[in-house]
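Residue numbers (my numbering): 1 to 293.
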């Protein structure tokens with residue numbers, strides 16, 4: 001009888017699926033990246049949710065309880081999550097926080113262009129995901145961290161990562177092919193806030209923004225006047241709002257400059273099903289606004 005119980009136990013263990021690795025994402029696009037690499041071996045808890053704002057999230061004890069048992073917290077990094085000290089104080093001390101952006105080359109608020117008129121010229125720009133190349137590099141970080149936490153699934157993670165790299169290769173080729181439709185003298189991307197400098201750096205645009213790296217950074221009268229002068233001098237043909245933009249402020253700017261209002265861009269992936277969906281939507285909007293087609 002004892003031997004029978006042992007056999008039944010071993011059979012049950014062998015047919016049960018491997019325990020999932022539970023991790024937390026604090027950015028909608030990072031959550032997509034983890035799922036692409038982790039597949040069915042990883043459970044991802046999105047604490048912010050698909051419509052939350054990564055800039056303004058404030059972690060609470062109730063949020064942490066949703067992630068009970070998570071071994072890893074993935075954050076975007078580069079200073080986006082100013083709440084990290086508070087988060088570290090309320091999660092288990094053994095839980096690892098992974099700042100993906102810490103491994104990537106950073107741009108600063110001025111993006112090497114004097115005419116940008118940002119209020120914080122030495123502040124790191126945290127919006128690195130608008131470069132497909134940087135997002136592809138982030139795959140390595142996620143793969144290594146998942147493999148470290150769950151080494152028995154390393155082969156799965158590496159296989160998934162290889163597939164996802166291929167998808168991003170295809171995506172980047174499409175992005176470059178679409179952007180060729182925009183003449184070089186129209187490659188001026190004016191946006192509501194300074195979220196697209198990595199996009200501009202990667203794909204050959206000059207970047208201008210009304211607000212700073214955070215939507216709460218508003219320009220004073222002198223900086224706004226300087227920006228208007230620059231936009232006119234550069235013959236910028238469109239200003240692109242975002243889903244969360246202040247329509248009154250942008251409407252005033254378009255009236256003062258005579259520049260048309262472009263379609264809405266997505267700065268941080270909110271409301272999108274995937275990173276690829278966001279990039280394709282933004283590129284289509286930019287091409288429609290600047291190509292003259």
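Glycine residues also receive a C-beta, built at the ideal position from the N, C-alpha and C atoms. Source: prediction; values computed, not measured.
Nearest in C-alpha terms to residue 228, of all of 206, 258, 243 and 204, is 258. Counting only runs that start and end inside the region 215 to 255, the beta strand (DSSP E) elements of at least 3 residues fall at 238 to 240.
Using a Cβ-Cβ distance cut-off of 8 Å, the region 84 to 96 and the region 35 to 46 are not in contact, since fewer than three pairs of beta carbons, one from each stretch, lie closer than that value. In summary, residue 183 is exposed, with fewer than 16 beta-carbon neighbours lying within 10 Å of its beta-carbon over all protein chains present. In this structure, residue 64 lies away from residue 26, with their beta-carbon atoms at least 9 Å apart.
Using a 10 angstroms sphere on the CB of residue 233, the tally of other CB atoms stays under 16, which defines it as exposed. Secondary structure at residue 267: coil, using DSSP grouped into helix, strand and coil. By alpha-carbon distance to residue 139, the top candidate from 152, 169 and 82 is 169.
A direct Cα-to-Cα measurement between residue 176 and residue 34 gives close to 25 Å.
In this chain, the alpha helix (DSSP H) harbouring residue 158 covers 154 to 179. Within the region 37 to 92, the runs of alpha helix (DSSP H) that reach at least 4 residues and sit entirely inside it are, in chain order, 61 to 66 and 84 to 90.
Spatial neighbours of residue 203 in its own chain (CB-CB distance under 6 Å, excluding positions within 5 residues in sequence) are listed in chain order as 179. Residue burial annotation: residue 54 is buried, with at least 16 other C-beta atoms found within 10 angstroms of its C-beta. For residue 287, same chain residues with a beta-carbon under 8 Å away, outside a window of 5 residues either side, are 178, 179, 181, 182 and 293 in chain order. In this structure, the CA atom of residue 48 is about 12 Å from the CA atom of residue 271.
For residue 26, there is no enclosing alpha helix (DSSP H), as DSSP gives it neither H nor E. Burial state of residue 256 is exposed, judged by a 10 Å Cβ sphere holding fewer than 16 other Cβ atoms. Per DSSP, reduced to three states, the secondary structure at residue 30 is helical. Per the coordinates, the alpha-carbon of residue 248 lies some 21 Å from the alpha-carbon of residue 285. The residue from 195, 93, 265 and 23 with its alpha-carbon nearest to that of residue 70 is 23. For residue 97, the enclosing beta strand (DSSP E) stretches over residues 96 to 99.
When 67, 52 and 61 are compared, the shortest CA-CA separation from residue 44 is found for 67. Excluding residues up to 5 positions away in sequence, 36, 37 and 139 lie with their Cβ nearer than 7 Å to the Cβ of residue 164 in the same chain.
Counting other Cβ atoms within 10 Å of its Cβ, residue 58 stays below 16 and is therefore classed as exposed. According to DSSP, residue 206 shares a beta bridge with 188. DSSP links residue 260 through a beta bridge to 238. When only Cα atoms are considered, residue 32 and residue 174 end up about 20 Å apart. Counting along the chain, no alpha helix (DSSP H) covers residue 106, and no H or E run does either.
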